[in-house]
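The working numbering puts the first residue of the sequence shown at 1, with every later residue one more than the last.
Here the structure is laid out as C-alpha cells; the discussion comes afterwards.
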Amino acid sequence: MGNDSNMKKNSQKDGDGSSNGSNNKKILFGILAFALILTFFMNFFMSSFSGGNMIEIEYNEFLSLVEKDAVKSVEIQSDRLIIYSDVSKLEKIEDYSGIRAKNEVVFYTGLVGDLELVNTLKEHNIRFSRKLTDSSPIFDFFMSWIMPILFLYLIFALIIHFAAKKLGGGGFMGVGKSNAKIYMQKETGVTFKDAAGLGEAKESLQEIIDFLHNPDKYVKIGAKQPKGALLVGPPGTGKTLLAKAVAGEANVTFMSLSGSDFVEMFVGVGASRVRDLFKQASENAPCIIFIDEIDAIGKKRDGSVNSNDEREQTLNQLLSEMDGFDSSKAIVILAATNRPDVLDKALLRPGRFDRRIIVEKPDLIGREDILKVHSKDVILDEKVDLRAVALATSGAAGADLANMVNEAALRAVRMGREKVLQEDLMEAVEVIIAGKEKKDRILSPKEKRIVAFHEVGHALVSAMQKNAQPVQKITIVPRTMGALGYTMQMPEEEKYLMTKDEIVSEISVLLGGRAAEEIVFDTVTTGASNDIERATKMARSMVSQYGMSDKFDMMALETTENKYLDGRNVAICGENTIAALDEEVLRIIKECHEKALSILRENRETLDKIAEYLYEKETITGERFMSILKEVKGDDVFAAEKNQRK
Ligand code: ATP
C-alpha cells in the first residue's frame, strides 16, 4: 500500500514537472515569435525608409539614361548600381514619381555582369565609385535579421524573468522554484493551556496529537490517521492558536502558510509552492502543516469562463499531494477558514480534510477563561471581577478579549496606576464596542438634551419591561465610532436562546430612543438610524427565520449565508411572499414603537427627571438610574408595573 502511494506520488511529480517544462517552452516560444515579428517590421520600415527615395529601373533603361547623359554619378555595390541622375536631362520626369532631392532622382538596378560598364561610364564622363564598407549578403543578413532577433529575445526574456521573480515566482526559467515564505517553528511554545475554552475542538484534536507522538502505534494496527482537519469558525476565535497548540502539545515542527500566498499571477507558481511545502514537510516530519484561509485556494471549481486557472491548478496540486503523501509519515495538515460553504467538495472528501472542527465564539465560561489567560501577566486589582467582564462581552471572540485586556492595561498606565481596575476593563469593553470617548466633540446644549432624552428613553423602556436586560450604564459622551450617547445593558446570565417576548422587548428598547424624542421634542432626528437598522433586522429574523409570526407560521423565508463572516440573509421565497414579509416586519416594528411610546408617556415624569440628571452628569451608572427610577415611582409601584408588562 505504501508503495502504491509512493508510485502515485512520483508519477504525479513527473507529470507536473513536464507541465512546468511545457509552460517554460511556451513562454520561450512566445518571446521568440515576438522578437521575429518585431524584427520583420523593423526591417520593413528600415527598407522603406532607406529605399523610399529610390526607383528601380531595368539595366537597359540605365544604359539609355547614360546615353542621354542624364546620369551624374554611379555607386557600384555588391549586387546593384545606385544611379544619381540629372533631373534637367530626364524626359517624362512625371514617370519617375520618386522623391526629388537636391535636383536629382535616384535609381537603382541590379548588376548584370556588364564587362563594358566601366568603359561606358568613362566615355560619358560619369563619376563612379565602389563603397569600401560594402558588406557581404551573409553579413547583411546576419546584421539585419539574426542579431536583432537575438538581441530582442534576450531583452524580453530578461524582463519577463525579473518580473516573474518580483511577483513572487522563481523567475520563468525556474517557475518550479518557489520563493514562498513558509513560516516554520521548531517549537511553538504554545499549548492547549494557552487556548482557553474550545473544549470540544481540543478533544477532537487530541487524537491527532497522539498520532504525532506515536505514529507506529497506529501503523501497526493498520489504522490510518486522518490526513487533514479543517478548523472552521468566525475570525479571531483562535484557529491559528489552536493549530500552534497542537504542534506544541505534540512537540513537532509547525509550518504555516496562508492560502493567499499560493495564488500568483503566473500559472504554475502556486502549484510549485504546494510541492515545495510538502517536500519541506516530509524533510521535517513529524510536523504540522497549517494553511490559513484555505478558501483562497480551495474555492469550488466551477469550470466557468471566469474561473481562475492558477487557483485551480494550485488546488489540484494540493489535492494530489494530499493523496500522495505517505500517511505513516506523521504529517498532519490543518487548515482554517471562515467560509466552509465555498470550499470544493473534493477538498472535503475522506482522505483529505474530512474532519471538520468547529471553533465557535466562546461562551461565558470560555470568555472568562480567555480573560484569565490573557491577564496572566497583567497586574490586576484584587477586586477585579472577570466574570462580570465576561458577562458584558457576549459575542466577543478570543481576539477581542485579548485586545480588551491590553486596552485596560494601557488605560491603567495612562491613569498613572500600577494595577488594572475593574473600571479599566469595563471601559475597554466600551472602547471595543463603541470606540474611545471623544471629549473634544462639543455638542450644543440643545443637541445634548436630545441625546440625553434619547438614551434615557432606551433605558426607561428597558427598565419598565419584565423581559428586558438590566441597564449597566448610560452616557452621553460621544464616542469615536460615531455614537453620540450610549446605553449599555448587561444580561444577568449567559443566554443561548431568546424567547419571542424577549425579542419584542429588545426591539421596543431599541425604538425607545426615538420615541422619547417624539414625546419630548415633538420632532425626530437622525440619531436613531442605527437603532432602526438593528430593530428591523431583529423583526425580520423573527418572521423569516424563527417562525415567530402567525402569518407565516413555521415557514422559512430566508437563509443565512456566510455564517461566520457577515451572516448575510438571503431570501428563499417568491417575490410576493417577500412583499408580505415586509408588511409583517412593518407590523411588528409599529407595535413595538407604540409600546415604547406608551411606556414613556406613562413615565414622563421619570423620563424628565433622569434625563435632566444625565444632562448634568453626562454619565450615570445602572444603579444610580434604578435608584432615581424607584425614588420617583416608589419601589412597589415600579415592581408592579414592570411585572405586568411583558
Ligand atoms: P482568523 O480567522 O482571523 O485567522 P483565528 O481564528 O485564526 O483568526 P487567531 O489568530 O488564532 O484567530 O487568534 C488571534 C488571537 O486571539 C490569538 O493570538 C490569541 O491572543 C487570541 N485568542 C483567540 N482565541 C483564543 C483562545 N481561545 N484563548 C486564548 N486566546 C485566544
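Just so it is clear, CB atoms sit at the ideal spot from N, CA and C, and this is done for glycine as well.
- Per the DSSP secondary-structure output, S129 pairs in a beta bridge with E75.
- A heavy atom of the ligand ATP is found nearer than 7 Å to the CB of K239.
- Annotated as proximal: L600 and L460, with beta-carbon spacing under 8 Å.
- Three or more pairs of CB atoms, one per stretch, sit closer than 8 Å, so the stretch 229 to 247 contacts the stretch 354 to 373.
- C287 is bridged by DSSP to T253, I331.
- In the DSSP assignment, E558 falls within the unbroken beta strand (DSSP E) covering 558 to 561.
- Per DSSP, N569 is one residue of the beta strand (DSSP E) stretching across 568 to 571.
- Its chain contains I503, E506, I507, L510 as the residues whose beta carbon lies nearer than 8 Å to that of M538, once the 5 sequence neighbours on both sides are disregarded; these appear in chain order.
- In this structure, K448 sits away from Y613, with a CB-CB distance that is not shorter than 8 Å.
- Taking 7 Å as the cut-off, the C-beta of I365 does not count as close to any heavy atom of the ligand ATP.
- Within the same chain, L557 come within 7 Å of C573 by CB-CB distance, once the 5 residues on both sides are set aside.
- Cβ atoms of G398 and G238 come within 8 Å of each other, at about 5 Å.
- Taken in chain order, the unbroken stretches of beta strand (DSSP E) that lie wholly in the stretch 464 to 524 and span 3 residues or more are 471 to 475, 486 to 489.
- At a cut-off of 7 Å, the beta-carbon of L410 does not count as near the ligand ATP: no heavy atom of the ligand is closer than that.
- Taking a cut-off of 8 Å on C-beta distances, the stretch 330 to 346 touches the stretch 212 to 232, as three or more cross pairs fall below it.
- Around the beta carbon of V246, a 10 Å sphere encloses 16 or more other beta carbons of the protein chains shown; the residue is thus reported as buried.
- Y546 sits in coil when the DSSP states are folded into three classes, being neither helix nor strand.
- Its Cα nearest to that of F45, the residue S144 stands out among F34, Y108, I57, S144.
- One thing to note: V384 has its Cβ no nearer than 8 Å to the Cβ of E407.
- Closest in alpha carbon position to R273, among D635, Y218, T526, T314, is T314.
- Under DSSP, S85 shares a beta bridge with V71.
- Looking at R514, A639, K68, the one whose alpha-carbon comes closest to that of K590 is R514.
- Around M54, the same chain offers I82, G98, V106, F107, Y108 as residues with beta carbons nearer than 8 Å, after the five sequence neighbours per side are excluded.
- With respect to the C-alpha of D344, the residue from D369, S627, P350, D295 having the closest C-alpha is D295.
- DSSP, read as helix, strand or coil, puts Y183 in strand.
- Here A223 carries a coil assignment [DSSP, helix/strand/coil].
- The Cβ atoms of V456 and E618 do not sit closer than 8 Å to each other.
- Placement of the Cβ of A335 at a distance of 7 Å or more from every heavy atom of the ligand ATP is found.
- Put simply, the backbone Cα of K563 is about 20 Å away from that of M555.
- Here the alpha carbon of R624 sits roughly 26 Å from the alpha carbon of D440.
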